[in-house]
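Novice: Can you read through this structure? Questions will come right after.
In the working numbering, the protein residues as written are 14 to 127.
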């Protein structure tokens with residue numbers, strides 16, 4: 014099965030949205046959970062829409078590793094001592110500016126693994 018037909022058949026993809034009940038032991042159990050899968054905004058969906066499911070599972074691992082490596086690099090830059098004269102501020106600025114993109118990428122990956 015390719016990823017898109019699998020999501021359609023198993024999860025009921027309709028109008029680029031997947032809805033299902035979240036099972037839990039918590040009092041809020043049974044609440045609907047919804048995810049939008051749109052190739053215009055979801056890089057993971059766009060890149061894997063026609064891939065066989067085993068390939069998609071491998072790609073999840075690749076994307077998680079990229080995220081962890083990038084996050085590790087940001088943490089490394091953030092922990093570097095900032096020079097009083099501003100010598101290392103470029104690294105700090107770069108690290109801080111990459112956080113929103115990393116957060117969004119992680120959110121997209123999580124959407125496909127929850």
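C-beta atoms are modelled at their ideal positions from N, C-alpha and C, and glycine is treated no differently.
1) Can you pull the DSSP bridge partners for residue 47?
2) What's the C-alpha gap between residue 27 and residue 89?
3) State the start and end residues of the unbroken alpha helix (DSSP H) segment that holds residue 83.
4) Out of 44, 47 and 69, which has the shortest C-alpha to C-alpha gap to residue 56?
5) What separation, rounded to the nearest whole angstrom, lies between the Cα atoms of residue 125 and residue 103?
6) Expressed to the nearest angstrom, what Euclidean distance is found between the alpha-carbon atoms of residue 107 and residue 80?
7) Taking the alpha-carbon positions, what's the residue 48 to residue 120 distance?
Specialist: Walking through what the data contain:
1) Indexing the chain shown from 1 puts residue 47 at position 34. Note: residue 47 sits in a beta bridge opposite 32.
2) If you number the chain shown from 1, residue 27 lands on position 14. If you number the chain shown from 1, residue 89 lands on position 76. A straight-line Cα-Cα distance of about 42 Å links residue 27 and residue 89.
3) Position 70 of the chain shown, counting from 1, holds the residue named residue 83. First-last of the alpha helix (DSSP H) with residue 83: 66–92.
4) Against the chain shown, residue 56 aligns to sequence position 43. Checking every option, the nearest Cα to that of residue 56 belongs to 69.
5) Counting from one through the chain shown, the residue named residue 125 turns up at place 112. Counting from one through the chain shown, the residue named residue 103 turns up at place 90. Between the alpha carbons of residue 125 and residue 103 lies a distance of about 34 Å.
6) Taking the first residue of the chain shown as position 1, residue 107 is located at position 94. Taking the first residue of the chain shown as position 1, residue 80 is located at position 67. So the two alpha carbons sit approximately 16 Å from each other.
7) Position 35 of the chain shown, counted from the start, is the residue given in the question as residue 48. Position 107 of the chain shown, counted from the start, is the residue given in the question as residue 120. Counting only the Cα atoms, residue 120 lies some 11 Å from residue 48.
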